[in-house]
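*Asks:* Letter by letter, the sequence shown follows residues -24 to -1, 1 to 540 of mature numbering (1 follows the signal peptide of the UniProt record, and there is no 0).
In this text, a Cβ means the ideal position worked out from N, Cα and C, and glycines have one as well.
What you are looking at is a predicted structure, and each value in this text was computed from that prediction instead of being measured.
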Amino acid sequence: MNPSFTPRSIRPLVALAIAGCLSAPVALSILSGCGGPTQATPKPISKSASDSTDTFASAASYNAGTPRDDSKTTREPALPADWPVPAVALTLTGQTDGYLEPCGCTDLKKGGLGRRLDLVARLRAAGWNPVAFDLGGIVLEPTTARGGIEQARVKFGIGLRAFGMIGIQAIGVAADDLNLGVGEFFGILANPPEGSDLAFVSANVRQRDELGLPRSIQSHRIVQPRTDSPRIAVTSVLSPEEWDRVKDQDKDLYLEYLDPRAALGELVAVLDEGADLKVLLVNGSEAFARDLAMAYPSFDVVVARSVAPDPPADYQTLSRPDSWLIQVGRKGMYAGLVAVETTSHDPQARPTRFQRVRLDERFNYDQSIVNLLDIEYQDILRQLRVVESHPRRAALDGPPGARYVGAQTCQLCHPNTYRVWTNSRHSHAFESLIENPKRDRRYDAECISCHTTGFEYETGWVSLEQTPHLRGNQCENCHGPASKHVEDPTNTAWLLAMSRSADQVKREGFCLKCHDLDNSPHFDFDAYWPKIMHLGLDRYDDPRTRKGIRPRHGEHPTTPPKNP
């Protein structure tokens, strides 16, 4: 790279490593990584009935390690029951959306990169010659992500390491990944995971050669798992609407954006000459993908972005019967499995069978990725101090300018309400992050936001060392910071600013900020509200409750302050 060219967006992550803010192993794990796929020991496939809406036969094929503590041990992962062994098993994924682990905090979780590795390894062990491509979108809207953009950048690097372990060979260029900062995107790609065979591909998003950066985006890729296997070509396009979503001001310094149709027109002849089957990854709408497929009918499999988490159960036929449009959903919860076959009288490879694969509890968490996410990833977050350095803003609720004081302060005037809270699971929310030492999540900003009080806001949660009085999900997460009310409890304006009714909480979706479909799929406000209902539990006729509480200088909020 030209040393005189240092765009704004390439600096932060690289600077951390150069300045020594990360230990050497951690810096390397962000920018390069190591490790490879777990080696499979094949075992025969045994056919049996499935309890899933997707038809599978059980297929014990290799030792994936011990299931995670939060998973249920079920039958071994599965392969489609009625398929002959294909020439190639095309394994399609995409729009991971930051869900490196199965989404949610409940047992009903789907997805996760460990399960994706399990699927590919079992296909490989069964002799199905898997070829794995990903649409892209490892992260989702990183500039507004719950964990902040620095955590999103680390997550992207960790995701690439996992992709290398899985054996993914091509990734489409997606707007959300570029929104990490195009400089950071190239900074991470400049040192790919050791031993991996992955590459980003795009027909119409090209690197500018004058920058002298390593060639990280290829126009296309041709993969042949064995010398007697069909040659599979893959490229991707980014729609104009998706390109417009890339907000980095430096994007035009690094990248040249070409009209998708013109770019494909230049490339199709090359792919027709060099490949037996062609795959197009489209980071654009289903309609846009369909238009491209109709304009260039030589693509056999076209993958379009999904709007909904759950994709259609089947493919759509395009301009010819063996030209398919496929979607794979969001959050990495599904994979699309396509059997590619040839015949003696027609050497041209064709897609012949399709199966939507739900990555649920039938698939094990591969231990190598468990270690990557539970140990290495969390240690990087700890060293980068992503929780402590998370950008803070003024609180949206409560009296303007108020500070967070913690539930122990509230207890002084609301002892019975406090007792209800201490007997609720809200009061132990932080402990649930650290009770399993192997899965300590106290340094993970995405987790900490719903397990502490006031995170993301000024004077709210910072760390267990600095703000221990704000551990757990406390009063002020719903009522807003309370310092002004504490100091002047009869002030009507402050009372109104902090007052909440059950109807208001339900109507405005207070609880759904954390009890969303991922983390609490069966959450029912009317069923759960009685467990924490606390209206009219305390009397306020004691004169001391009307005087207000003003902590003395230097008095720590965790020690109940004395009345002046």
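When you compare only the Cα positions, how much space is there between I508 and F499?
*Replies:* Translated into positions along the sequence shown, residue 508 becomes position 532. Translated into positions along the sequence shown, residue 499 becomes position 523. Approximately 14 Å between the Cα atoms of the pair.
*Asks:* Taking the beta carbon of D220 as the centre, do at least 16 other beta carbons fall within 10 Å, making it buried, or is it exposed?
*Replies:* If you number the sequence shown from 1, residue 220 lands on position 244. Classification of D220: exposed, given that the 10 Å Cβ count is below 16.
*Asks:* Where does E452 sit, in a helix, a strand or coil, going by DSSP?
*Replies:* Taking the first residue of the sequence shown as 1, we reach residue 452 at position 476. Residue state, collapsed to three classes: helix.
*Asks:* Quick check on residue 558: buried or exposed, where buried means 16 or more other Cβ atoms within 10 Å of its Cβ?
*Replies:* With the chain covering only -24 through 540, there is no way to say anything about residue 558.
*Asks:* May I ask you to list the residues that DSSP assigns as paired with L233?
*Replies:* The count along the sequence shown starts at 1 and reaches residue 233 at position 257. Position check: residue 233 holds Tyr in this sequence, whereas Leu was assumed. Beta-bridge pairing links Y233 to V181.
*Asks:* What did DSSP end up calling N259 once you bin it into helix, strand or coil?
*Replies:* Taking the sequence shown and counting its residues from 1, the one referred to as residue 259 is at position 283. Correct three-state label for N259: strand.
*Asks:* Whether or not the segment 337 to 351 and the segment 389 to 409 are in contact is what I'm after, with contact meaning three or more pairs of Cβ atoms, one per stretch, closer than 8 Å; do they touch?
*Replies:* They do not touch, by the three-pair rule.
*Asks:* When the Cα atoms are used, what is the spatial distance from Q127 to W437?
*Replies:* Looking up residue 127 in the sequence shown gives position 151. Looking up residue 437 in the sequence shown gives position 461. Their Cα atoms are separated by approximately 17 Å.
*Asks:* Between the C-alpha atoms of V130 and D153, what's the straight-line distance to the nearest angstrom?
*Replies:* Locating residue 130 in the sequence shown gives position 154, where the first residue counts as 1. Locating residue 153 in the sequence shown gives position 177, where the first residue counts as 1. The straight-line gap from Cα to Cα measures roughly 12 Å.
*Asks:* Restricting to Cα atoms, I'd like to know which of D518, G188, E337 and R358 is closest to G88.
*Replies:* Against the sequence shown, residue 88 aligns to sequence position 112. When each option's Cα is compared against that of G88, the closest is E337.
*Asks:* Please state the DSSP three-state secondary structure of S212.
*Replies:* Here residue 212 is taken as the residue at index 236 of the sequence shown, counted from 1. S212: strand per DSSP, three-state reduction.
*Asks:* In whole angstroms, what separates the C-alpha of L247 from that of D235?
*Replies:* Position 271 of the sequence shown, counted from the first residue, corresponds to residue 247. Position 259 of the sequence shown, counted from the first residue, corresponds to residue 235. Answer to the nearest angstrom: the Cα atoms are 18 Å apart.
*Asks:* Given that a residue counts as buried once 16 or more other Cβ atoms are within 10 Å of its Cβ, and exposed if not, what is Q303?
*Replies:* If you number the sequence shown from 1, residue 303 lands on position 327. Buried.
*Asks:* Compute the distance between the beta-carbons of F176 and Q200, then report whether it is under 9 Å.
*Replies:* On the sequence shown, residue 176 is found 200 positions in, with the first residue counted as 1. On the sequence shown, residue 200 is found 224 positions in, with the first residue counted as 1. Against a cut-off of 9 Å, the Cβ pair of Q200 and F176 comes out as no contact.
*Asks:* Helix, strand or coil: which one does DSSP assign to K460?
*Replies:* Taking the first residue of the sequence shown as position 1, residue 460 is located at position 484. Of the three classes helix, strand and coil, the one that applies to K460 here is helix, per DSSP.
*Asks:* For F109 versus G148, is the C-beta distance shorter than 9 Å?
*Replies:* Along the sequence shown, read from residue 1 onward, the residue named residue 109 stands at position 133. Along the sequence shown, read from residue 1 onward, the residue named residue 148 stands at position 172. Yes, they are a contact pair.
*Asks:* Grouping DSSP H, G and I as helix and E and B as strand, with all else coil, what is T435?
*Replies:* By one-based count along the sequence shown, residue 435 stands at place 459. T435 falls in the coil class under three-state DSSP.
*Asks:* From which residue to which residue does the alpha helix (DSSP H) around Y504 run?
*Replies:* Residue 504 sits at position 528 when you count from the first residue of the sequence shown. Looking at the DSSP string, the run of the alpha helix (DSSP H) that includes Y504 is F501 to I508.
*Asks:* In this structure, how does DSSP classify Q225 when only helix, strand and coil are distinguished?
*Replies:* As a first step, residue 225 must be located in the sequence shown, where it is residue number 249. If DSSP states are grouped into helix, strand and coil, Q225 belongs with coil.
*Asks:* From L165 to S192, what does the alpha carbon distance come to, in whole angstroms?
*Replies:* Here residue 165 refers to the residue found at position 189 when the sequence shown is read from its first residue. Here residue 192 refers to the residue found at position 216 when the sequence shown is read from its first residue. About 6 Å.
*Asks:* What do you reckon, are the CB atoms on L55 and L111 nearer than 9 Å?
*Replies:* Taking the first residue of the sequence shown as 1, we reach residue 55 at position 79. Taking the first residue of the sequence shown as 1, we reach residue 111 at position 135. Taking 9 Å as the Cβ cut-off, L55 and L111 do not qualify as a contacting pair.
*Asks:* Between the Cα of D290 and those of T443, R329 and A370, spot the shortest distance and give me the residue it belongs to.
*Replies:* Taking the first residue of the sequence shown as position 1, residue 290 is located at position 314. Comparing Cα-Cα distances from D290 to each of T443, R329 and A370, the minimum goes to R329.
*Asks:* Determine whether the beta carbon atoms of A378 and H461 lie at a separation below 9 Å.
*Replies:* As a position in the sequence shown, residue 378 is number 402, starting the count at 1. As a position in the sequence shown, residue 461 is number 485, starting the count at 1. For A378 and H461, yes; Cβs fall inside 9 Å.
*Asks:* In or out: residue 549 buried (at least 16 other Cβ within 10 Å) or exposed?
*Replies:* With the chain running from -24 to 540 in the structure shown, residue 549 is simply not present.
*Asks:* Would you tell me roughly how many angstroms separate the C-alpha atoms of T293 and A280, rounded to the nearest one?
*Replies:* Looking up residue 293 in the sequence shown gives position 317. Looking up residue 280 in the sequence shown gives position 304. When rounded, the distance between both Cα atoms is 13 Å.
*Asks:* Can you tell me which residues form a DSSP beta bridge with P327?
*Replies:* Stepping through the sequence shown from its first residue, residue 327 is reached at position 351. DSSP, once it has assigned bridges, lists V316 as partnering P327.
*Asks:* Please confirm whether S212 and L257 have their CB atoms less than 9 Å apart.
*Replies:* Residue mapping note: residue 212 aligns to position 236 of the sequence shown, counting from 1. Residue mapping note: residue 257 aligns to position 281 of the sequence shown, counting from 1. Cβ atoms of S212 and L257: closer than 9 Å.
*Asks:* Which residues does DSSP list as the beta-bridge partners of F162?
*Replies:* Here residue 162 refers to the residue found at position 186 when the sequence shown is read from its first residue. None; F162 has no bridge partner.
*Asks:* Taking Cβ positions only, does D500 come closer than 9 Å to chain C?
*Replies:* In the displayed structure, chain C is absent; only one protein chain is listed.
*Asks:* I'd like the list of long-range same chain contacts for A251, defined as Cβ closer than 6 Å, with 5 residues on each side in sequence excluded.
*Replies:* Residue mapping note: residue 251 aligns to position 275 of the sequence shown, counting from 1. Within the same chain, A251 has close Cβ partners I198, R207 and A209.
*Asks:* Looking at I351 and K414, is the spacing between their C-beta atoms short of 9 Å?
*Replies:* Here residue 414 is taken as the residue at index 438 of the sequence shown, counted from 1. Here residue 351 is taken as the residue at index 375 of the sequence shown, counted from 1. In contact: K414 and I351 (Cβ atoms closer than 9 Å).
*Asks:* Take A238 as the anchor and find which of E217, Q225, A271 and R369 has the nearest alpha-carbon.
*Replies:* Position 262 of the sequence shown, counted from the first residue, corresponds to residue 238. Nearest C-alpha to A238: A271.
*Asks:* Confirm, please, whether the CB-CB distance from A325 to A63 is below 9 Å.
*Replies:* On the sequence shown, position 87 is the one that residue 63 refers to. On the sequence shown, position 349 is the one that residue 325 refers to. For A63 and A325, yes; Cβs fall inside 9 Å.
*Asks:* Give me the DSSP bridge partner(s) of W300.
*Replies:* In the sequence shown, the residue the question calls residue 300 occupies position 324. Paired residues: V277 and T293.
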